[in-house]
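**Student:** Reminder that position 135 of the sequence shown reads as 135 in full-length UniProt numbering, one-by-one numbering, no gaps.
Even for Gly, the Cβ is constructed at its ideal location relative to N, Cα and C.
Fair warning: this is a prediction, and the values are worked out from it, not measured in the lab.
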Amino acid sequence: MENSLLLGIAAFAFITSVTPGPNNMMLLASGAQFGFARTLPHMLGIVFGVAMLLLSVLLGLGMLFKLYPVMYSVLNIAGAAYLLWLAFKIASGPVSGIKENSAQKSQPLTWWQAALFQFVNPKAWMMALGSVSTFSLPGNQYVQSGAAIMLAFALLGFPAISLWAGIGAKLRVWLNNPRRQRGFNLVMGAATAATLLLIVEV
């Protein structure tokens, strides 16, 4: 493969991973609520889930959307509904001094929950379909180019999304009272829901 293609794959993987979307809004909120270390499984789950999604598209799952466009519409609706539920959970998340029992039970997403979320995450589907349709090569180079796409998202996606969790973790110092925490939760819930305006086709 040419270096220009590899550079294009790398740029696409990093830019689409670092820009705002459901994953990054959720990581920002998780970093602020639970800290960077406890958010690490969430981040690893995203990387693993995106890899599995890319593999599915490379193996032909993306062709189903071309054959049956209604499936993509159903996916968008299901993903939007689940994302709105997650946004509500973030907005109504417990704060210190309020609902202490709920706060103690509150947990960040596990790696497998984050991984499964990618299959209903509209932005993740756009990333997977866009990268495979743009950068995969036909014939004997299909496997090689597909592996390059998956590797780029794994190597560059993780540091890209880590930035959001890290920023959230830094905000924990400022979120030192229930009022600020409640306001932050509401803003993050609204921001997570607002990502639908950027990624869901209407």
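Identify, in the order they occur along the chain, each residue of the same chain with its Cβ nearer than 6 Å to the Cβ of W111, setting aside the five sequence neighbours on each side.
**Tutor:** P41, L44, G45
**Student:** A128 and L7 look like a contact to me (Cβ under 8 Å); what is the Cβ gap, rounded to whole Å?
**Tutor:** Their Cβ separation, rounded to whole angstroms, is 20 Å, which puts A128 and L7 out of contact at 8 Å.
**Student:** May I ask you to verify whether the region 68-80 touches the region 179-188, counting CB pairs closer than 8 Å and requiring at least 3?
**Tutor:** no
**Student:** Less than 8 Å between the CB atoms is what I'm expecting for L58 and S136, so what's the real figure, rounded?
**Tutor:** About 7 Å; that satisfies the 8 Å criterion.
**Student:** Going by the CB atoms, is the gap between A115 and G49 shorter than 8 Å?
**Tutor:** Yes. Within cutoff.
**Student:** In three-state terms, what does DSSP make of V173?
**Tutor:** In this structure, DSSP gives V173 a state outside helix and strand, which the three-state scheme calls coil.
**Student:** Out of A51, E2, V18, G130, which has the shortest C-alpha to C-alpha gap to F65?
**Tutor:** G130
**Student:** I'd like the list of long-range same chain contacts for S30, defined as Cβ closer than 6 Å, with 5 residues on each side in sequence excluded.
**Tutor:** T39, H42, P108
**Student:** Have a look at A37 and K89 and give me their C-alpha separation to the nearest angstrom.
**Tutor:** 21 Å
**Student:** Flag this pair as yes or no: are the beta carbons of L156 and A10 separated by less than 8 Å?
**Tutor:** yes
**Student:** With distances taken from CA atoms, which of G139, P94, M71, G146 is nearest N5?
**Tutor:** It should be pointed out that residue 5 corresponds to Leu in this sequence rather than to Asn. Considering only alpha carbons, the answer is G146.
**Student:** How about V18 and A169: do their beta carbons lie closer than 8 Å?
**Tutor:** no
**Student:** Can you list, in chain order, the residues of its chain with a C-beta nearer than 6 Å to that of W164? Leave out the 5 residues immediately preceding and following it.
**Tutor:** N24, L27, L28
**Student:** With a CB to CB cut of under 7 Å and the five nearest residues on each side skipped, what residues in its chain are close to L175?
**Tutor:** Within the same chain, L175 has close Cβ partners A32, Q181, F184.
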